[in-house]
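Participant:
Numbering (my numbering), first residue to last: 535 to 647.
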């Protein structure tokens, strides 16, 4: 929605302040454009392509975004936790959603089922 657009614009403005080479800037700008196009995510957006790995934190699956054909990794985490812990996890995911730096894998978003 509108909030996402504002975040994307803000992040693109911050690009100027980051010390990155042109190749890194191009990759980040490309990712931000894709992220804006994809928008909010939900489980029905994805086709599962296979399991990449698993651990006590959850399962990581290789998926394809049905509409845009983007190949992504989806981490599924079982949240059988008390509401305050769940709120903290959601808060941390929102922070990840707003971080787009060269050292962080592109994070498209999170959703609950």
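The beta-carbon is built from N, C-alpha and C at its ideal position, and this holds for glycine as well. Model, not experiment: these values are computed from the prediction.
Are the segment 602-612 and the segment 562-572 touching, with three or more C-beta to C-beta distances below 8 Å?
Facilitator: These segments touch.
Participant: Can we say the segment 609-617 touches the segment 587-598, given the rule of at least three CB pairs closer than 8 Å?
Facilitator: Yes: at least three Cβ pairs fall under 8 Å.
Participant: Taking Cβ positions only, does residue 598 come closer than 8 Å to chain B?
Facilitator: The structure shown contains no chain B; it is built from a single protein chain.
Participant: Who are the near neighbours of residue 580 in its chain, counting only those whose CB is closer than 8 Å to its CB and skipping five residues on each side?
Facilitator: Answer for residue 580: 597, 598, 599, 600, 606, 608, listed in chain order.
Participant: Using the DSSP secondary-structure output, state which residues sit across from residue 595 in a beta bridge.
Facilitator: Its beta-bridge partners are 585, 608.
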